[in-house]
Amino acid sequence: MKIMVVMGEYPPEERERRRAAVLKCASPGTEIGFGVIKATFFVRANAQINALSAGPLVAEIAQKAEANGFDAVVPFGTLDAGVELARNLVRIPVIGAGQSVMHLGAQLSNRLGVVAYETTSIPYMRKNFHAWRVLDSVVGVRAIEVPLLDSTQNRAAMRERFLQMSRDLVERDDAEIIVPMGVTMVPVQYSAAEFSQGLGVPVLDALATSVQTAEMMVRMGTTHSLKTYPRSETGTTA
3 MKIMVVMGEY PPEERERRRA AVLKCASPGT EIGFGVIKAT FFVRANAQIN
53 ALSAGPLVAE IAQKAEANGF DAVVPFGTLD AGVELARNLV RIPVIGAGQS
103 VMHLGAQLSN RLGVVAYETT SIPYMRKNFH AWRVLDSVVG VRAIEVPLLD
153 STQNRAAMRE RFLQMSRDLV ERDDAEIIVP MGVTMVPVQY SAAEFSQGLG
203 VPVLDALATS VQTAEMMVRM GTTHSLKTYP RSETGTTA
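The working numbering numbers the first residue of the sequence shown as 3 and each following residue consecutively.
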């Protein structure tokens, strides 16, 4: 089984940190390929601009991955950049980390607390929650206010703020599960198990969920509906 993970551009050390996190999520026997697009996720704070501008680039990589024999595509990160577009252009599964982890959470509880990087990204998240039909399960969203660009330098502050916001969601909003909407928080910098132990409620891992959902779909031989996502006649993003 071959899965293509599509990433934006990162400084070398940050890129390797994220690649290592992806490889840990894959099952034995799964081959991971990495496609890189010219996108500025690590610099620009506007989540909606990042997702919309990266969409065609992700879709292009997905088409190349299908042509080169990959079995599934997973865009890195919870913005799910290009997922909807790519599904119209390829027949192999295209799995969004945000959508898959929120649907996993909704299977486990109807009281999800979501933790974001910055407040500015929350409106776009809410749009996605509505589109994914999980908004009714979200009892609250909090931001740690640690920009992605500063995540490694401020790793300790990220941990402290994550725990603070998560406890607030659990205690004030009665959240029963915490969903980090940012794979740098979990699992790149910290593990879901570590946070879960400290909070006393499950903390989900969007990166592991997306990679392993892709594996599951390949093993099951299923993909997105052709009626929901009619293939483009030209098969291109142009």
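Glycine is no exception: its CB is placed at the ideal position from the N, C-alpha and C atoms.
It should be emphasised that the depicted structure is a prediction, and the values quoted were computed from it without experimental measurement.
Beta-carbon proximity check, residue i vs residue j, cutoff 9 Å
i	j	result
L171	V141	yes
P125	Q50	yes
L114	M104	yes
P14	T225	no
A67	G31	no
S139	A208	no
R93	L228	yes
Own chain partners of residue i with C-beta closer than 8 Å, once the 5 adjacent residues on each side are dropped
i	result
T239	Confidence is the limiting factor: at T239 the pLDDT is only 48, short of 50, which leaves the residue's position unreliable, though a coordinate-based value still follows. Once the five neighbours on either side are set aside, the close Cβ partners of T239 are P58, A61, E62, Q65, L87 and L91.
L165	F197, G200 and L201
R246	The question about residue 246 has no answer here: the residues shown for the chain are numbered 3 through 240.
M167	V117, R144, A145 and I146
L25	I34
A69	none
Proximal residues to residue i (C-beta, below 6 Å), its chain only, five neighbours per side dropped
i	result
V220	M3, D73 and A74
Y231	R89 and N90
P182	V117 and V188
I97	V76, S212, T215 and A216
E83	With the sequence shown as reference, residue 83 is identified as Ala, and Glu is not the correct amino acid for it. Excluding sequence neighbours, A83 sits near A53, A56, G57, V60 and P77.
M222	none
A28	I34 and V213
F131	L137 and V140
P204	I179 and S198
R233	none
Contact belief for residue i with residue j at Cβ below 8 Å, rounded distance in angstroms
i	j	result
S153	T121	The pair is not a contact, with the Cβ atoms about 16 Å apart (cut-off 8 Å).
M9	V38	6 Å
A159	Y119	With 8 Å as the limit, A159 and Y119 do not qualify as a contact, their Cβ atoms being about 12 Å apart.
K40	E16	That belief does not hold up - the Cβ atoms of K40 and E16 are roughly 16 Å apart, past 8 Å.
A194	L206	6 Å
Neighbourhood of residue i by C-beta distance below 7 Å, restricted to the same chain and skipping five residues each side
i	result
R19	V190
L81	A49, N52, A53 and G100
Y192	R161
A210	C27 and P189
S123	A49
L106	L206 and T211
* Unbroken stretches of the beta strand (DSSP E), 3 residues or longer, contained in the stretch 133–195 -> 140–145 and 179–182
* Asked: Counting pairs of beta carbons, one from the stretch 170–184 and one from the stretch 107–121, are three or more of them closer than 8 Å?
  -> yes
* In chain order, each alpha helix (DSSP H) run of at least 4 residues that lies wholly inside the stretch 44–131 -> 49–69, 85–89 and 99–110
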